[in-house]
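Chains as they are written, first to last, in our numbering: chain A, 2 to 140; chain B, 115 to 239; chain C, 10 to 541.
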């Protein structure tokens, strides 16, 4: 699989896919998309990079261990629900922070934080499985 | 419409059970993957198949204007897909590791945990 | 959302009343374990810090569960709806005495396992994620005990299942891969059956909230109709598979002896009991009419499970596999309670579940101690352990008597209740099977005692003399006797003795727990806010 064409194109493809995965993640609240699907796109981006340039360079590129990434995602997702405790509401009741920045209305919310957590969990878990499988192929 | 889908689900189950009866791990895993899809389709059909519009609420409203399709089965199926997907990924890795370590993908030959020539317990001393 | 100018009455869909801080205890067990598990996952390289964080979180989990149980006893059933969306559309966590009791016992056992794991799981096992997976498994276990939504129950089952896969392959031994394949495939099929039944239940009633389902099933004209019978049969098969009941029990003895001994201990304590809990919850609360016509089937399955377990235990010489069969025999007793279905029988089953969680975990930990002292798990190679440590021998004797149902230990009372309930319900065979199985279990445990502890040395050495060879602790067993071994074993043994001598409070909890689902008025009122 390590043809020169693939190896040249793979980094760009990976970057593009990760960018697209973030886009899918952020539009997820009101439109089709969301953390899971975005995470899958990002994980497949890592997998493509791994096929082209080797698993070692992927691990170097993402710096953290994939399971650590998914641990952080889980932590974030669980934490996102706790904020409602301080407003005497049930767990996971969504909290919104809406403000205007340069005349653009920005809506930050706990569902979005939760979605980012899901995204990280999926990237970490699926990414680590994909990398483990690719690693064995090269043995 | 529903009858057709029900027959399809039945076919899925047939294929899945046939594959799962195999003694080779790879076929069993394929059977499990198909079983998961059969179950998802079953839940989806149980939520009634309607030719309605998708359950999206217009921007200026709080409740949908017209009768929409039931959104809940989608949520259930999505959850089930996510779970069965991750399980399938895990089992695939597990089967691959087992094949590497044990040198076989036939479950009849996997007797490491329960050896065939297990001697009887001591009768006395 | 953003446009607050549009006035819509949300109070029909969302809970608007403020939630008391104490009600957050409902989600605390799952939440704490998720947070702790993810923290440990991030600390994967720091194998010294992991046990501290993990055990710390498990300790807090026990405290949270104590507080939750006290609150349930004080305030009755508590419900919290996720995201404030009201049931039946929102997911509700509904905690009654049954769920809170089992959740507390589960947390205690997990805490003990966390401490014991510090002695048996080496740094490789920690890096592969013993503590994260243990905590995340507890997320699934607590969630399953506390949730009030049947699809949510399925999700928690999967959470605990995927974490248990992680625990099972910890260390990547060849024998573990063998065991994990069988465990993995069969359990996945079981949860798929669960999902099928849940999907069909949704198709019939259009709701997944347990309280709502209970109401709708009760208001049916023909609660024993054919479609519902299919659903009930599927549920029974699915949960029987989870609980390792007779015809579908093969995965348990094939896999439970393969992982690290502490992993075997938590599995034996908790996983099968979650299956039994789900069986009780679904059949007694939601489908009581189906229990009526399935009870003969369940009786037969229970008798077969009781006897397979006890006879299987007699035929084993590997201590861990022997204990695996003892777990199965215990499942048979609980199924017997479900088969009879009266309040006394259900409370007997709940009491037995509590006893079994504690005693099976302790026995597997004891097996680890035996492998530490004797260097093997095999009865043929064990011997002379009494001479090596009289204290451990005493602990084993207590646990062995408890699991056989001898007074004055915790196994005695639930057996009395179950046998009494079986005879009162004209199921003499069932009662007899419980007694026979208890007797056979006593023989099997007695043999372990005679071979491993009482005789002078292993096979081949002259009897009456202590084996002169010094033994090396077996792999996966604790390497040295210390606090990490004594503290968990001591807590569990103390509980076994205490419940045996002072059974009143446990009787009260299990009777109240069983009464709460046989007559679920409080449960329904808690979910819907009005008398059902």
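For each residue, glycine too, the CB sits at the ideal point set by N, CA and C. The structure presented is a predicted model; accordingly, all values stated were derived computationally and were not measured.
Query	Result
Looking only at its own chain, which residues have a Cβ that is under 7 Å from the Cβ of residue 273 of chain C, when we skip the five neighbours before and after it?	265, 266, 329 and 373
Which chain C residues are close to residue 103 of chain A, counting only those with a beta carbon under 8 Å from its beta carbon?	Those within 8 Å of residue 103 of chain A in chain C number zero; the least Cβ separation is about 17 Å.
Which same chain residues, not among the five before or five after residue 31 of chain C, have their C-beta less than 6 Å away from its C-beta?	80
Ignore the nearest five residues each way along the sequence and tell me which others in residue 248 of chain C's own chain have a CB closer than 6 Å to its CB.	284, 287 and 288
Short of 6 Å in beta carbon distance, which residues of its chain neighbour residue 141 of chain B, apart from the five on each side in sequence? Order them along the chain.	133
Using a Cβ-Cβ distance cut-off of 8 Å, determine whether residue 63 of chain A contacts chain B.	no
By the 9 Å beta-carbon criterion, what residues does the stretch 128-144 of chain C contribute toward chain A?	138 and 141
Buried or exposed: which applies to residue 29 of chain C, given that a residue is buried once 16 or more other Cβ atoms fall within 10 Å of its Cβ?	exposed
Looking only at its chain, what residues have a beta carbon closer than 7 Å to the beta carbon of residue 541 of chain C, apart from the 5 residues adjacent to it on each side?	Residue confidence for residue 541 of chain C is low, a pLDDT of 37 falling below 50, so the modelled location carries little weight; the figure read from the coordinates is stated next. Excluding sequence neighbours, residue 541 of chain C sits near 224, 530, 533 and 534.
Taking contact to mean at least 3 C-beta pairs separated by less than 8 Å, is the stretch 102-109 of chain A in contact with the stretch 61-73 of chain A?	no
Spatial neighbours of residue 388 of chain C within its chain, please: CB distance less than 7 Å, with the 5 preceding and 5 following residues excluded, ordered by chain position.	326, 328, 457, 460 and 461
Please go through the stretch 268-348 of chain C and give each complete alpha helix (DSSP H) segment of 4 or more residues, from N-terminal end onward.	270-275, 281-289 and 297-323
For residue 54 of chain A versus residue 81 of chain A, is the C-beta distance shorter than 8 Å?	no
Buried or exposed: which applies to residue 446 of chain C, given that a residue is buried once 16 or more other Cβ atoms fall within 10 Å of its Cβ?	buried
Any beta-carbon of chain B closer than 8 Å to the one on residue 386 of chain C?	no
How far does the alpha helix (DSSP H) with residue 102 of chain A in it extend, from its first residue to its last?	First-last for residue 102 of chain A: 97-102, but that is the beta strand (DSSP E), not the alpha helix (DSSP H).
If contacts are defined as beta-carbon pairs under 8 Å, then residue 51 of chain C and residue 128 of chain A qualify, I think. What distance do you get, rounded to the angstrom?	Wrong, their Cβ atoms sit about 15 Å apart, outside the cutoff.
Can you pull the chain A residues whose beta carbon is under 8 Å from the beta carbon of residue 33 of chain C, in chain order?	86 and 92
List the DSSP bridge partners of residue 387 of chain C.	C/327
Going along the chain, which residues of the stretch 149-161 of chain B sit with their C-beta nearer than 9 Å to a C-beta in chain C?	149, 150, 152, 153, 154, 156, 157, 158, 159, 160 and 161
Can you name the residues of chain B whose CB is closer than 9 Å to the CB of residue 99 of chain A?	Chain B residues near residue 99 of chain A: none, gap ~16 Å exceeds 9 Å.
Count the other C-beta atoms from every protein chain shown that fall within 10 angstroms of the C-beta of residue 292 of chain C, then say buried if there are 16 or more, exposed otherwise.	buried
Report yes or no: is there a C-beta of chain A within less than 8 Å of the C-beta of residue 194 of chain B?	no
Pair every Cβ in the stretch 119-127 of chain C with every Cβ in the stretch 58-69 of chain C, then say whether three or more of these pairs are closer than 8 Å.	yes
Does residue 201 of chain B have its Cβ less than 8 Å from a Cβ in chain C?	yes
List the residues of chain C that residue 68 of chain A touches, going by C-beta distances under 9 Å, in chain order.	50, 51, 53, 138 and 141
My understanding is that residue 134 of chain C touches residue 180 of chain C, with C-beta atoms under 8 Å, so please give their C-beta distance in whole angstroms.	6 Å
Residues of chain B with CB closer than 9 Å to the CB of residue 174 of chain C, please, in chain order.	201, 204, 205 and 208
Hey, residue 236 of chain C and residue 521 of chain C are a contact pair by Cβ (cut 8 Å); roughly how many whole angstroms apart?	At roughly 33 Å, the Cβ-Cβ gap does not stay under 8 Å, so residue 236 of chain C and residue 521 of chain C are not in contact.
Leaving out the 5 sequence neighbours to the left and right, which residues in its chain are closer than 8 Å to residue 110 of chain C when beta-carbon positions are compared?	78, 359, 363, 518, 519 and 522
Counting Cβ pairs closer than 8 Å, one from the stretch 171-179 of chain C and one from the stretch 120-132 of chain B, do we hit at least three?	no
What residues in the stretch 5-38 of chain A have a beta carbon less than 8 Å from any beta carbon of chain C?	none
Kindly indicate which three-state DSSP category residue 207 of chain C falls into: helix, strand or coil?	helix
Between which residues of its own chain and residue 295 of chain C is the CB-CB distance below 7 Å, once the five residues before and five after are set aside?	219, 222, 223 and 226
Please compile the residues from chain C whose C-beta is within a distance smaller than 7 Å of the C-beta of residue 236 of chain B.	326, 388, 389, 460 and 468
Whole beta strand (DSSP E) runs in the stretch 116-160 of chain B with 3 or more residues, listed along the chain?	none
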